[in-house]
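Novice: Residue numbers (our numbering), protein chains in the order written: chain S, 298 to 634; chain F, 298 to 634.
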DNA sequence: CTTGCGTATGAAACCGCTTTCACAGGCTGG
DNA sequence: CCAGCCTGTGAAAGCGGTTTCATACGCAAG
């Protein structure tokens, strides 16, 4: 591996000059500049990233923590983050927190040790207080998928309460009155907000909240499957089911199928997130779209803006959007097959 | 941020000693050791990762390149890699190559610039020659999901030909004779091998290969959907459809549904990969399982072993396994609903 | 013809760690 | 009793960049 000094010797200049040419930090005579570039090419020189980091105190890395690398939900976010980060010539260091407060803390610690220039985190299990403390640390932190009133300008989030309301409202508009809900882990703000939106919509429609219609699960397929079974076992009739995310909805669909219940003829099902596979479920899942890729991009853009000391004007609050497909149907109606 | 020198002053020792305590690179008297540790704690000192990297020429990072961060396929692999890499106290720098030979090259270049200690790459579009050249470079490279005869010990892969054969054989065993195939991009070795396995199985069964039964697509849902439509439009009857991956199978399922064709009563569908959502499709997808998480782990383990100069004894070649669910049915039979 | 300024460049300090080398002191074995 | 060897420690030399500071040069202004 050639060093900057070797390049400088070959180009008959000092190391400083090579550095200046490469970084454009000071004017260099056109002639010198060409010699340097030629030497760089001939030796196929690559600056040593460590040395550069040490000198500049910049790693060029953005630490990213999400819950689960294998989930389509986080995958979409990562994709958005990656696009922006790499466009800025930086890279992502990713680690997952597995939705456990201790593990989340470890993941953040882990990333911080690598001295990233900024952190983009999706932390669900970490309490607000701890989050605020983290955000006071030296490295800029952007929160994704969560809103903290005290750090609003560093949060990219979706109005989940509105989303829950939208989902439930759509079911109500289709004539449903007995609407079950599979909630996410209620220790997560997202899950609570969606549940809250659900209650809100019921209330607005003059319907009483019935906790026998609610089952808490874990945002995973298997959990949704089991939650649906529990709901069914309670023998509290319902004509529609709103799941707090698509993954659980997929599980629920399976549980209903196994129980010989036709969706949407007998029970309508509503998801949340609009992950990629939602449209390929059968029936294609009606759901609430979260613009995950865009949210990832926004988070990255904010982080980069903060790093460069720019005042950021990126959109932070995203609105949920209903995506009507086949799994919800007007009550009483039956689709001809 | 305290430096090692501040710690050393506080503990009344030299910086060397602090370094030795922290890294365990040389024996240190128990008493000194305690003083150092105390000073570290009091100052909440964290070694500067850049300086350390510069001195040791080790970044502690493993570069990982996959095609698509949002796909369940790569997500599972990443998960496996992450587990091993973090257990070894290292981190992942990830970048995606988007299955395009130029972009793949860029992604690798990008990672190499960050001086990772090793590279784990899933490169589909890059030609063998270029791959071999990459593997001759200074940093250890592990190939995942692809086999190069000339670098076998650095490849973690699945026997895809066998997988294609297994899938097709299962359909044959269920009495199917007219079996269509949605292939992946034939520029990818994986896709070619699966197609080859398909031909192989047909041949073994004494059936002629009929290219009208094969449609090439892109490994994505949408592509599978369109490929299935094309196949249907050809009016070449078939009773079973083998898709080279689950994502395309999901799309195909949708196309068949739209065409009013019942799966599996009229046409059986076979996937490949067993990604998470496969079981939640309707009908639940019968598929070929690729142990993606394990393969990711194996790749990481090999990389770490090479780094430590250990002779690795990790399994490299994985065997496909059939997962029978509901989308394939014995020909002529009809499941009671 | 000075003076002064702007431009282009080099020397050297510095970033914070690891590691080599030297050495002191206490033991061991011949 | 002394040579030789451990064990524990410090000083200093890197690692390979960036950046500050000084300087040389050319040219315009006085």
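We treat Cβ as the ideally placed atom computed from N, Cα and C, and that holds for glycine.
To the nearest angstrom, how far is the alpha carbon of residue 474(F) from that of residue 513(F)?
Specialist: One C-alpha to the other measures close to 20 Å.
Novice: Whole angstroms is fine: what's the gap from residue 340(F)'s alpha carbon to residue 304(F)'s?
Specialist: Straight-line Cα distance between these residues: approximately 7 Å.
Novice: Between residue 569(S) and chain F, is there a C-beta pair that is closer than 9 Å?
Specialist: No, because no Cβ of chain F sits closer than 9 Å to the Cβ of residue 569(S).
Novice: Which one of 541(F), 529(F), 589(F), 525(F) has the shortest CA to CA distance from residue 486(F)?
Specialist: Among 541(F), 529(F), 589(F), 525(F), the Cα nearest to that of residue 486(F) is on 541(F).
Novice: For residue 302(F), count neighbouring C-beta atoms within 10 Å of its own C-beta (all shown protein chains included) and say buried if the count is 16 or more, exposed if not.
Specialist: That one is exposed.
Novice: Which partner residues of residue 389(F) appear in the DSSP bridge assignment?
Specialist: Partner(s): 391(S), 359(F).
Novice: So residue 585(F) and residue 617(F) are supposed to be a Cβ contact under 8 Å. How far apart are they, rounded?
Specialist: Contact holds; Cβ gap of about 5 Å.
Novice: Less than 8 Å between the CB of residue 489(F) and some heavy atom of the ligand GDP, yes or no?
Specialist: Because no ligand of any kind appears in the structure shown, any question about the ligand GDP cannot be addressed here.
Novice: Any Cβ of chain S within less than 9 Å of the Cβ of residue 371(F)?
Specialist: Yes - at least one Cβ of chain S is within 9 Å of the one on residue 371(F).
Novice: Measuring only the C-alpha atoms, how far is residue 459(S) from residue 614(F)?
Specialist: Cα-Cα distance, rounded: 49 Å.
Novice: Say whether chain F places a C-beta atom closer than 9 Å to the C-beta of residue 391(S).
Specialist: Residue 391(S) counts as touching chain F.
Novice: Less than 9 Å between CB atoms is the rule here; does residue 394(F) satisfy it with respect to chain S?
Specialist: Output row for residue 394(F): interface = no.
Novice: For residue 379(F), I'd like the list of residues in its chain whose CB is within less than 7 Å of its CB, leaving aside the five on either flank, ordered along the chain.
Specialist: Result list for residue 379(F): 389, in chain order.
Novice: Residue 464(F) and residue 539(F) look like a contact to me (Cβ under 8 Å); what is the Cβ gap, rounded to whole Å?
Specialist: Right, the Cβ-Cβ distance comes to about 5 Å (below 8 Å), so this counts as a contact.
Novice: Assuming residue 454(S) is part of the alpha helix (DSSP H), what are its boundary residues?
Specialist: Premise fails: residue 454(S) lies in the beta strand (DSSP E), 452-455, not in any alpha helix (DSSP H).
Novice: Which chain S residues sit within Cβ distance under 9 Å of residue 548(F)?
Specialist: Chain S residues near residue 548(F): 577.
Novice: What's the call for residue 394(F), buried or exposed, on a 16-neighbour Cβ count within 10 Å?
Specialist: So residue 394(F) counts as buried.
Novice: Which residue wins for smallest C-alpha separation from residue 611(S), given the options 579(S), 450(S), 469(S)?
Specialist: Measuring from the Cα of residue 611(S), the nearest candidate turns out to be 450(S).
Novice: Contact between the stretch 342-349 of chain S and the stretch 338-352 of chain F: three or more CB pairs below 8 Å?
Specialist: At 8 Å Cβ cutoff, the stretches touch.
Novice: Give me whichever residues DSSP pairs with residue 444(S) in a beta bridge.
Specialist: Answer is none; residue 444(S) lacks a bridge partner.
Novice: Name the residue from 577(F), 536(F), 523(F) whose alpha carbon lies nearest to the alpha carbon of residue 549(S).
Specialist: Of the listed residues, the one whose Cα sits closest to residue 549(S) is 577(F).
Novice: Compare the Cα-Cα distances from residue 606(S) to each of 405(S), 436(S), 410(S) and report the closest residue.
Specialist: That would be 436(S), whose Cα lies nearest to the Cα of residue 606(S).
Novice: Quick one, are the C-beta atoms of residue 370(F) and residue 589(F) less than 9 Å apart?
Specialist: Contact flag set, yes.
Novice: Pull up the distance between the alpha-carbon of residue 396(F) and that of residue 358(S), whole angstroms please.
Specialist: So the alpha carbons of these two residues sit roughly 24 Å apart.
Novice: Between the C-alpha atoms of residue 529(F) and residue 536(F), what's the straight-line distance to the nearest angstrom?
Specialist: Straight-line Cα distance between these residues: approximately 11 Å.
Novice: Given a cut-off of 9 Å on the beta-carbon distance, is the pair residue 439(S) and residue 415(S) in contact?
Specialist: The answer is yes: Cβ separation under 9 Å.
Novice: Please classify residue 423(S): is it buried, with 16 or more other beta-carbons within 10 angstroms of its beta-carbon, or exposed?
Specialist: Classification for residue 423(S): buried.
Novice: Quick one: residues in its chain with C-beta nearer than 7 Å to the C-beta of residue 364(F), no 5 flanking neighbours on either side, listed in chain order?
Specialist: Excluding residues within five positions, the ones whose Cβ falls inside 7 Å are 371, 393, 394, 395, 396, 419, 421.
Novice: Can you tell which of 433(F), 455(F), 456(F), 457(F) has its C-alpha closest to the C-alpha of residue 447(F)?
Specialist: Comparing Cα positions, the closest option is 433(F).
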